[in-house]
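**Q** Before we start, here is the structure in question, set down as structure tokens.
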Amino acid sequence: IIEERFGKDHAADKRWAICGDMNDYRQRVRIEGDSFDGYRFEVVDEAQSSINVLTAGGFCENVVERRPEMDRWSFYHTRGPEERHLCQLDYILLSKALAAKNATAVPDIIRNGQPWRTIFPAGQEVERFPRAGWDRPKASDHCPVAITLDMA
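By my numbering, the letter at position 98 of the sequence shown is numbered 91, and the numbering carries on one by one without gaps.
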């Protein structure tokens, strides 16, 4: 779509963004342990991800990757204590030109709507929105990702 709109040879020079839930991730933060003995967090790179198709060859930049690895997550996934991880499912992908113009801009990830069952790495805890429950109610199972960009 981008190449059709701007032309294959000009897409990198234009200002565009692709934003939203891509339902795939390049890394995850595996969670082990429990609240009594403490949690351990480990960043794990995925062998394959559909996101790589979009970022291949420098077509665009995933600006969430400007954040520290342990702090890129926008989704908490669990299937009980044997499978728990945090991952980035929500993206802001910027064209080369727009990313370069905003080289120091770092996105915010708004996690206040997460339910209380979400396990946060140390130092990332946030004040939850009023009436957030253990599992429900919650604002969403995803965390919004926002960035301020200079478009001029």
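We treat Cβ as the ideally placed atom computed from N, Cα and C, and that holds for glycine.
(1) Per DSSP, which residues does Y69 bridge with? Please list them.
(2) Compute the beta-carbon to beta-carbon distance between C148 and S67, rounded to the nearest angstrom, for a pair I have assumed lies under 8 Å.
(3) Taking A93 as part of the alpha helix (DSSP H), name the residues at either end of that continuous run.
(4) Which same chain residues, not among the five before or five after S42, have their C-beta less than 6 Å away from its C-beta?
(5) If we ignore side chains and look at the alpha-carbon of each, how far apart do T71 and V22 end up?
(6) Along the beta strand (DSSP E) that carries E25, what are the first and last residues, could you check?
(7) Using the three-state DSSP reduction, which class does N55 fall into: helix, strand or coil?
(8) May I ask you to verify whether the stretch 110 to 123 touches the stretch 37 to 54, counting CB pairs closer than 8 Å and requiring at least 3?
(9) Closest by CA to Q81, which one among T97, N95, D128 and D101?
(10) Could you give the C-beta distance for V119 and V57, rounded to a whole number, given that I count them as a contact under 8 Å?
(11) Starting from A139, follow its DSSP beta bridges and name the residues at the other end.
(12) By alpha-carbon positions, which one of A125, W127, A93 and A40 ends up nearest to D143?
(13) State buried or exposed for R124, treating a residue as buried only when at least 16 other CB atoms are found within 10 Å of its CB.
(14) Verify whether the separation of the beta carbon atoms of F34 and I44 is less than 8 Å.
(15) By DSSP, does V119 sit in helix, in strand, or in coil?
**A** Quick answer:
(1) Answer is L79, bridged to Y69.
(2) Missing from the structure shown is residue 148; the chain here goes from -6 to 145 and no further.
(3) Per DSSP, the unbroken alpha helix (DSSP H) holding A93 starts and ends at K89 to K94.
(4) The answer, listed in chain order, is D17 and R19.
(5) Cα-Cα distance, rounded: 12 Å.
(6) Segment Q20 to D27, the beta strand (DSSP E) holding E25.
(7) The DSSP-derived three-state label of N55 is strand.
(8) In short, these stretches do not touch, since the Cβ pair count stays below three.
(9) When only C-alpha atoms are compared, the closest one is D101.
(10) Rounded to whole angstroms, the Cβ separation of V119 and V57 is 17 Å, and the two are not in contact under 8 Å.
(11) D101, per the DSSP bridge assignment.
(12) Of the listed residues, the one whose Cα sits closest to D143 is A93.
(13) Classification for R124: exposed.
(14) Contact flag unset, no.
(15) Coil.
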